[in-house]
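As they're listed, the protein sequences go chains D, W and B.
The opening residue of the first sequence carries number 1 in the numbering used here; numbering runs sequentially from there.
The opening residue of the second sequence carries number 1001 in the numbering used here; numbering runs sequentially from there.
The opening residue of the third sequence carries number 2001 in the numbering used here; numbering runs sequentially from there.
Take a look at the structure set out below.
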Amino acid sequence: MLLDVRDLETHFYSEESVTRALGGISFQVKKGETLGVVGESGCGKSVTALTILRLLPKLSARTVGGEIHFHGRNLLELSDREMRKIRGDQIAMIFQEPMTSLNPVYTVGRQIAEAVQIHTKASRSVAMEKAEEMLRLVRIADPELRVNNYPHEMSGGMRQRAVIAMALACSPELLIADEPTTALDVTIQAQILRLIVDLKERTGTAVMFITHDLGVVAETCQRVIVMYAGRIVEQANVIDLFARPAHPYTQGLMRSVPDRRRGRQRRLPEIPGIVPSLREPIVGCSFAPRCPFAIDICREKTPALRDVGSSHAAACWRAEEVMGA
Amino acid sequence: MATYILRRIFSTIAVMVMVGVFVFLLLRLAPGDPAAIIAGDKGTPEMIAGIREQLGLNEPLPVQFVHWALSILSGDFGTSIFTGLPVLELISQRLEPTVSLSILTMILSVTTGISFGIVAAWRAGGLIDRILTVFATLGFSVPVFVVGFFLIYLFAIISHWLPVQGYQPIDHGFGPWLVHLILPTVALSLGYIAFIARIARASMLEVLSEDYMRTAAAKGASSYAMLFHHALKNAGVPILTVIGLSFASLVGGVVITETVFNIPGVGRLVVDAINNRDYPIIQGVLILVSALYVLINLAVDLSYTLVDPRIRY
Amino acid sequence: MIGGGFLALLIVLALAAPLYAGDPSSMDPFKRLQPPSAEMWFGSDNLGRDVFARTIFGARISLVVGLLSAVGAALGGLLIGVIAGYVRAFDNIAMRVMDGLMSIPTILLAIALISLTGSGIGILIVAITIPQLPSVTRMVRSAVLSVRERPYVEAAVSGGARLPKVLWRHILPSTIAPLMVQSAIVCADAILTEAGLSFLGVGVPPEIPSWGNMISNSRLYLSIAPLTIFAPGICLAVMVLAVNLLGDGLRDLFDPRAKRRR
């Protein structure tokens, strides 16, 4: 087991309120596998990623409970110094916004080389050669010229390739990709997705793929967790999930994906209602107010994640009926 | 790029002409006939008429202005009414102490101000930040001569650690030079440290919340590398700008500091010139100081490209 | 807002000075450079004058200069800025003049103006106000330029409203807040400049008690009677601090975003 997250709870603090962004989530990532993390914005996907890397702002966010075991070591107990050694070397991350996630005042090559220099004793020139090699690996044309480009001299897709090159420069064992294609044009999205899948095959790194796009999950992932309101509501193999979704929320998500095979539809069905506020404690199932299956028990007691098949779990009182429906 | 530089130089010249007109009018509007002032108490009407002719005071004002501007451009700033010596010579005699004080103050306030700003922004809302914010507000409010006398009282009169006043030229030895400049520099720097710290803090705070700072953290960069390598260069443009703009008020501070610490610099020259109604000296200093200000800010503008590669003119 | 309250207290103290502070000008050659006593709380200066009384009366000069300069710079800057924001031809000339004024250090510019006419409180206030005009003018001008692009202003103009009316109705209200903040900054700066000029001997005439004059006058007696310098010095710092805090408070009031950022 590469990454083992247990009962992770993260809270955000402001002057007026406490936001329970993660309400105790558990999941695992195996060596070399690709795990999809799906959900609407605000459901806690990105917070999960930032909590694992301990990159949340210290003053306003705190991880109040749980454990994050990486290679058997609990990341939450490491010193800042030990944590820095892991970031970028063993666990790397790609962010959503390629336009703003590179430092505008340094060349792309230098920023990739920096990652190499932090984690190896490589000299500046060796690191720059490595940067050029990485740019070639992510299929940027003329890498020997592009290493000396500033971010503003590159297109969005090319910048995201550079960010990927930077993340992979130290051959991490786990790559966390937080919506890496959302901000890009559709054609570029496909290229970047293929690149990530391809590089994963070649380097054997495990990937945690955060997205709101079920289509992306189907193309790239082996296993999926579905998050809603700071909790995991369903967890399954990608095939099982698409064949027999066991949570009404997952079903809702799938219905709202445009299906290319069916051609133009009149109107995509949407999930009615809004995501609940995480500032107040939630009684019962957090999805109940929007759920077509909701009954009395759903509004009173919070359902725990339970097995509904082999390596298929859902947090729903009526999971069996939902699967049959 | 070239067109931008040309345009910028052109506007610099326009500002200098503006200053020139102002300073020229200052002398011409001064009460009393300049010729009579130069002739002194014993001047006969014939002598005054002669001087008027010699100075071209009978010509129309625009013609006089052109003559005056041309002589300034050729380095002739006129002669002091009081001493009869060339203005430029008087100024250059007094230059060393003033330049020493200004440069030391710039070094001290830029380094300390930026460091304070960075530390405050790094732990925004924390104890150090609060202390520095209070200090910055105080630094704005306490005038340089009050700080100056306070420092003299504390470090010279009570403890005898440093000399009370005066100046030692640098060719009498670096030690005495520096010792005499410590208190004036600290007194003058306090306001600038506060000013620069405040700007540096604000612009660092903005940069620290940028996405690329998170990217750097995800790479495993240390706090030091994050602050000084990634953030500072991005926060540089506003900091550079205020350093350039604060030069004008630095000069005012230098004039007062020289009086407090009895330093025989250009500031003392100006203050003495007022008491003697020695207009050519005031005029000369005004022109040189404004020219320097305009040039410094031109240099600051052009240096933006070095700090931020996105700025292309 | 602590600054505002404090400033109000200082104003009351200064206005009520004749009621309690004693005579700031009476000299007593037998009581020169006395230490603090029940009779003279802050001691006496080199001419035997009561330092406490002079310090209290000195507040009046600082307040008058500070407030009048702030009002003067605000009105002058408003007038020039609004016209510059509206009349292109005037804009170019006015802004170059402002650039020129800005490139001459405040104190030198004031010194030059005063050297023309000799000292006096009236000319002193004018000389302190003029160097402050560029900052206010620039601020007003940029506010006007940004407001005049707004749809509701364009609508009013194309609807046939007369220019002064448009200015009065739409542009002034949005300029008032930043103008008040800027005025507080000008006020603090003016108080400091007056003190500086008086300290240099070119400000308030020497017979009037002002903090700058007092400090200048007592320079040589720092080691014997430090209070002759520190009493006015500390009062000066406190007053400027109060005005600065008031300015910060006003800014937070008008722009709550700025507060959260700080």
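Ideal Cβ placement from N, Cα and C applies to all residues, glycine included.
Please report the distance separating the alpha-carbon of residue i from that of residue j.
i: G1252 of chain W; j: Q189 of chain D; result: 59 angstroms
i: R223 of chain D; j: V238 of chain D; result: 5 angstroms
i: R2260 of chain B; j: E153 of chain D; result: In this prediction, R2260 of chain B scores a pLDDT of 46, lower than 50, which makes its location untrustworthy; the coordinate-derived value is nonetheless stated afterwards. So the two alpha carbons sit approximately 34 angstroms from each other.
i: S1246 of chain W; j: G24 of chain D; result: 53 angstroms
i: S2174 of chain B; j: L2101 of chain B; result: 26 angstroms
i: F1010 of chain W; j: M1018 of chain W; result: 13 angstroms
i: V2144 of chain B; j: S1071 of chain W; result: 41 angstroms
i: V322 of chain D; j: M83 of chain D; result: 42 angstroms
i: A1121 of chain W; j: L2133 of chain B; result: 32 angstroms
i: D2028 of chain B; j: D2252 of chain B; result: 49 angstroms
i: H2170 of chain B; j: N1058 of chain W; result: 52 angstroms
i: R2150 of chain B; j: L2167 of chain B; result: 13 angstroms
i: R2262 of chain B; j: L1188 of chain W; result: Low confidence applies to R2262 of chain B: its pLDDT is 41, below 50, so where it sits in the model is not reliable, and the reading given next is rough at best. Using only the alpha carbons, I get a separation of about 26 angstroms.
i: S1209 of chain W; j: Y1279 of chain W; result: 53 angstroms
i: G2247 of chain B; j: G2004 of chain B; result: 9 angstroms
i: T63 of chain D; j: S14 of chain D; result: 15 angstroms
i: W317 of chain D; j: F287 of chain D; result: 11 angstroms
i: L2113 of chain B; j: L102 of chain D; result: 52 angstroms
i: L326 of chain D; j: G230 of chain D; result: A question about residue 326 of chain D goes unanswered here, because the residues of chain D that appear run from 1 up to 325.
i: C221 of chain D; j: R2141 of chain B; result: 58 angstroms
i: Y1153 of chain W; j: I1107 of chain W; result: 25 angstroms
i: A319 of chain D; j: Y249 of chain D; result: 11 angstroms
i: N1275 of chain W; j: S1222 of chain W; result: 58 angstroms
i: S2119 of chain B; j: S2198 of chain B; result: 10 angstroms
i: Q1168 of chain W; j: L1178 of chain W; result: 8 angstroms
Check whether the Cβ atoms of residue i and residue j lie closer than 8 angstroms to each other.
i: A49 of chain D; j: M93 of chain D; result: yes
i: V1266 of chain W; j: V1294 of chain W; result: no
i: L2010 of chain B; j: A2242 of chain B; result: yes
i: I2234 of chain B; j: I2215 of chain B; result: no
i: M351 of chain D; j: Q111 of chain D; result: Nothing about residue 351 of chain D can be read from this structure; chain D reaches only from 1 to 325.
i: N1297 of chain W; j: G1236 of chain W; result: no
i: A127 of chain D; j: V147 of chain D; result: no
i: G88 of chain D; j: H119 of chain D; result: yes
i: A218 of chain D; j: A314 of chain D; result: no
i: I2191 of chain B; j: M2139 of chain B; result: no
i: L2 of chain D; j: K31 of chain D; result: yes
i: S46 of chain D; j: H212 of chain D; result: no
i: P2024 of chain B; j: P2209 of chain B; result: yes
i: L227 of chain D; j: V38 of chain D; result: Per the sequence shown, residue 227 of chain D should be read as Met rather than Leu. Yes, the pair counts as a contact, with Cβ atoms nearer than the cut-off.
i: R2096 of chain B; j: A1014 of chain W; result: yes
i: L1190 of chain W; j: G1139 of chain W; result: yes
Following the continuous beta strand (DSSP E) through residue i, name the residue where it begins and the one where it ends.
i: D178 of chain D; result: L174 to D178
i: M208 of chain D; result: A206 to T211
i: T34 of chain D; result: T34 to V38
i: I91 of chain D; result: I91 to I94
i: H69 of chain D; result: A61 to F70
Looking at C-alpha atoms only, which residue of the options is the closest neighbour of residue i?
i: V2051 of chain B; options: B:A2110, B:L2220, B:W2211 and B:D2252; result: B:W2211
i: S2044 of chain B; options: B:L2250, B:D2248 and B:L2227; result: B:L2227
i: A2110 of chain B; options: B:L2200, B:V2140, B:G2005 and B:D2255; result: B:L2200
i: F2254 of chain B; options: B:L2078, B:I2185 and B:P2178; result: B:P2178
i: I2107 of chain B; options: B:T2129, B:N2092, B:F2090 and B:D2099; result: B:T2129
i: A236 of chain D; options: D:G309, D:S41, D:L76 and D:E173; result: D:G309
i: I1193 of chain W; options: W:P1176, W:G1148 and W:A1136; result: W:A1136
i: I1128 of chain W; options: W:F1022, W:A1197 and W:G1173; result: W:A1197
i: G1117 of chain W; options: W:T1083, W:M1106, W:I1131 and W:G1166; result: W:I1131
i: V1186 of chain W; options: W:W1068, W:I1103 and W:P1086; result: W:I1103
What first and last residue would you give for the alpha helix (DSSP H) that runs through residue i?
i: Q189 of chain D; result: V186 to T203
i: F293 of chain D; result: Run containing F293 of chain D: none; DSSP gives neither H nor E here.
i: Y1304 of chain W; result: Y1279 to V1307
i: D2023 of chain B; result: Element bounds for D2023 of chain B: n/a, residue is neither H nor E.
i: Y106 of chain D; result: No alpha helix (DSSP H) contains Y106 of chain D, which DSSP labels as neither H nor E.
8 angstroms is my cut-off, CB to CB: does residue i come that close to chain E?
i: F95 of chain D; result: Checking the listed chains, one finds no chain E in this structure; the protein chains it contains are D, W and B.
Compute the minimum distance between the beta carbon of residue i and the heavy atoms of the ligand FMN, and state whether it is under 7 angstroms.
i: Q251 of chain D; result: Here there are no bound small molecules, and the ligand FMN is not part of this structure.
Inset, instruction - Note down, one range per segment and in chain order, each alpha helix (DSSP H) of at least 4 residues found wholly within the stretch 1053-1087 of chain W. - result: 1061-1073
Legend entry - Ordered list of alpha helix (DSSP H) runs contained in the stretch 98-156 of chain D, each at least 4 residues: 108-119, 124-137 and 143-146
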